[in-house]
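Notes follow the structure.
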Amino acid sequence: MGGTTGQSLTSVETAFTIVGRLAEVGWTTPTELADALEMPTSTAHVYLKTMAEAGYLARADGRYRLSLRFLCHGAHLRREFEIYEVAGPELASLAEATGEVASLGIEEGGERVLLDKVEGENAVYDKAPTGEFTRMHWTSLGKTILAHLPEERVHAIVDDHGLPEATERTITDRDELFAELESIRESGYAIEDEERRENIRAVAVPIFTDGAVAGSISVSGPVSRFSDARIGTELVAALEDRANVIELRLRHY
Numbered sequence: 001m002g003g004t005t006g007q008s009l010t011s012v013e014t015a016f017t018i019v020g021r022l023a024e025v026g027w028t029t030p031t032e033l034a035d036a037l038e039m040p041t042s043t044a045h046v047y048l049k050t051m052a053e054a055g056y057l058a059r060a061d062g063r064y065r066l067s068l069r070f071l072c073h074g075a076h077l078r079r080e081f082e083i084y085e086v087a088g089p090e091l092a093s094l095a096e097a098t099g100e101v102a103s104l105g106i107e108e109g110g111e112r113v114l115l116d117k118v119e120g121e122n123a124v125y126d127k128a129p130t131g132e133f134t135r136m137h138w139t140s141l142g143k144t145i146l147a148h149l150p151e152e153r154v155h156a157i158v159d160d161h162g163l164p165e166a167t168e169r170t171i172t173d174r175d176e177l178f179a180e181l182e183s184i185r186e187s188g189y190a191i192e193d194e195e196r197r198e199n200i201r202a203v204a205v206p207i208f209t210d211g212a213v214a215g216s217i218s219v220s221g222p223v224s225r226f227s228d229a230r231i232g233t234e235l236v237a238a239l240e241d242r243a244n245v246i247e248l249r250l251r252h253y
């Protein structure tokens, strides 16, 4: 349980595997965890008990889930990002103006991280939690960022994460992806066309600081309200206005 593999501590790796599992399933018992991770029930119980005693798991009636300590750490961490601090008012303004879901995304570890979102009056319920990691090529936020990263970095991300399919409309071919990234650079915005979830479209623009892409902002909603005409006029203009303000605030933060 406490051995090493190369320079890795297997006990630490197992603990984080347990965190990931509990994030997916919520409450679980030692037996259920042991079955899922193919470990002895006694070992699963020791891990769960130890993590609960450290305050990172909640325990009730022999079952365990992640504790709200993770929420506390996440809130503190998010405030370390300047782009989160300055983009908040503009996301709220964007959501109010469009009535849709306004989101802020950044890249970490080759994935898109949903750093913040605000739901407008007519927004379709979006169960994606802030802090969510997804494949870059699935979303307008991610594709916008990819389009403005160095080409070698994009190749490395594709090498590491592949191009898995989320829906039948997801781009899964490297050449097709790079062609779309070129189109995004030319137009200044990226469209997500049911590539992550059916019946949902989104459009995003980049946020730059010091000459490099720092993140992106988007609006998303049902296909029925996201016509090409609305995207190309109202929504892109609304996004670019807010992006300009965010970039200005970042320069003076």
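Position one of the sequence shown corresponds to residue 1 (the UniProt record's numbering), numbered consecutively onward.
Every residue gets a Cβ at the ideal spot worked out from N, C-alpha and C, and that includes glycine.
With a 10 Å radius around the Cβ and a threshold of 16 neighbouring Cβ atoms, histidine 73 comes out exposed. As the crow flies, the alpha-carbon of valine 236 is around 22 angstroms from that of phenylalanine 178. Contact annotation, serine 187 with alanine 204: C-beta distance approximately 11 angstroms; criterion of less than 8 angstroms not satisfied. Secondary structure note for leucine 115: its beta strand (DSSP E) is the uninterrupted segment 111-119. Arginine 135 and proline 164 do touch by the CB rule: their CB atoms are close to 6 angstroms apart, below 8 angstroms. Tryptophan 138 and arginine 249 have their C-alpha atoms some 29 angstroms from each other. Around the beta carbon of glycine 110, 16 or more other beta carbons lie within 10 angstroms, which makes this residue buried.
Residues Arg21 of the same chain have their beta carbon placed closer than 7 angstroms to that of alanine 36, with the five preceding and five following residues left out of the count.
Rounded to whole angstroms, the gap between the alpha carbons of phenylalanine 81 and leucine 94 is 20 angstroms.
Cβ-Cβ distances below 6 angstroms link isoleucine 231 to Val203 in the same chain, with the five nearest sequence neighbours on each side left out; the list follows chain order. Serine 220 is bridged by DSSP to Val101, Ala202. In the three-state reduction of the DSSP assignment, isoleucine 171 falls in the coil class. For alanine 147, the enclosing alpha helix (DSSP H) has its first and last residue at 140-147.
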